[in-house]
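Student: In my numbering, the protein residues as written are 462 to 586. Just so you know, even glycine gets a beta-carbon here, dropped at the ideal spot from N, CA and C.
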Amino acid sequence: MIKKISALCLIATLFVFVGCSSVQTAQKLNDQKLTLGAEQSIGNINVTNWGLYLLWIPLITGDNENIGSVAWFKNTVTLEDVVGVATKKAKEMGATKAVDMTSMVTPGCFLFNIKQVQVSVNAVK
């Protein structure tokens, strides 16, 4: 009985920490430009969101509206949502353009899988 309770507690703990969204920025550029043009470089933005899925059904994912929190049963691990977070952050930093955007989507393929989307963009004005 104690082994079952311990296993359930471990699984519950994993579920709480499995979905995650994060936004990281780098603004210390050491007088380096992020573009070849005349634009002023603001910084680099990296956004990551991942979550646990049962087949294609989202169980626990990172919350794009409340970064660092989890969303239950919402499909927030999409390229469109993560690009939206990155461009919103660029605008908050005072950028008028988001350039050199790269993305990575890692889909899962098993019964329970972890799906991840990551976007990196340079903010300039």
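Within a Cβ cutoff of 8 angstroms, which residues of the same chain sit near residue 548, ignoring the five residues on either side of it in sequence?
Tutor: By one-based count along the sequence shown, residue 548 stands at place 87. Result list for residue 548: 559 and 582, in chain order.
Student: Within the chosen definition, does the segment 480-492 reach the segment 557-571 through at least 3 CB pairs nearer than 8 angstroms?
Tutor: Flag = no, the segment 480-492 and the segment 557-571 do not touch.
Student: Answer yes or no: do residue 580 and residue 544 have a C-beta to C-beta separation smaller than 8 angstroms?
Tutor: For the purposes of this step, residue 580 is taken as residue 119 along the sequence shown, with counting starting at 1. For the purposes of this step, residue 544 is taken as residue 83 along the sequence shown, with counting starting at 1. Yes.
Student: With a CB to CB cut of under 7 angstroms and the five nearest residues on each side skipped, what residues in its chain are close to residue 556?
Tutor: On the sequence shown, position 95 is the one that residue 556 refers to. Cβ neighbours of residue 556 beyond the five flanking positions: 503, 584, 585 and 586.
Student: Give the single residue among 517, 563 and 542 whose Cα lies nearest to the Cα of residue 534.
Tutor: As a first step, residue 534 is located in the sequence shown; it is residue number 73 there, counting from the start. Checked all of 517, 563 and 542; the closest Cα to residue 534 is 517.
Student: Could you tell me the alpha carbon to alpha carbon distance between residue 539 and residue 507, rounded to whole angstroms?
Tutor: Position 78 of the sequence shown, counting from 1, holds the residue named residue 539. Position 46 of the sequence shown, counting from 1, holds the residue named residue 507. Residue 539 and residue 507: Cα-Cα distance of roughly 15 angstroms.
Student: With distance defined between alpha-carbon atoms, name the residue in 511, 505 and 463 nearest to residue 587.
Tutor: The question about residue 587 has no answer, for the chain in this structure spans 462 to 586.
Student: Label residue 572 either buried or exposed according to how many other C-beta atoms from any shown protein chain fall within 10 Å of its C-beta, with 16 as the threshold for buried.
Tutor: Here residue 572 refers to the residue found at position 111 of the sequence shown. Classification of residue 572: exposed, given that the 10 Å Cβ count is below 16.
Student: To test your reading of the DSSP string, which unbroken alpha helix (DSSP H) runs of 4 or more residues are found completely within the segment 481-520?
Tutor: Qualifying alpha helix (DSSP H) stretches: none in this window.
Student: Measuring CB to CB, does residue 525 end up less than 8 angstroms from residue 509?
Tutor: Within the sequence shown, the letter at position 64 stands for residue 525. Within the sequence shown, the letter at position 48 stands for residue 509. Contact flag unset, no.
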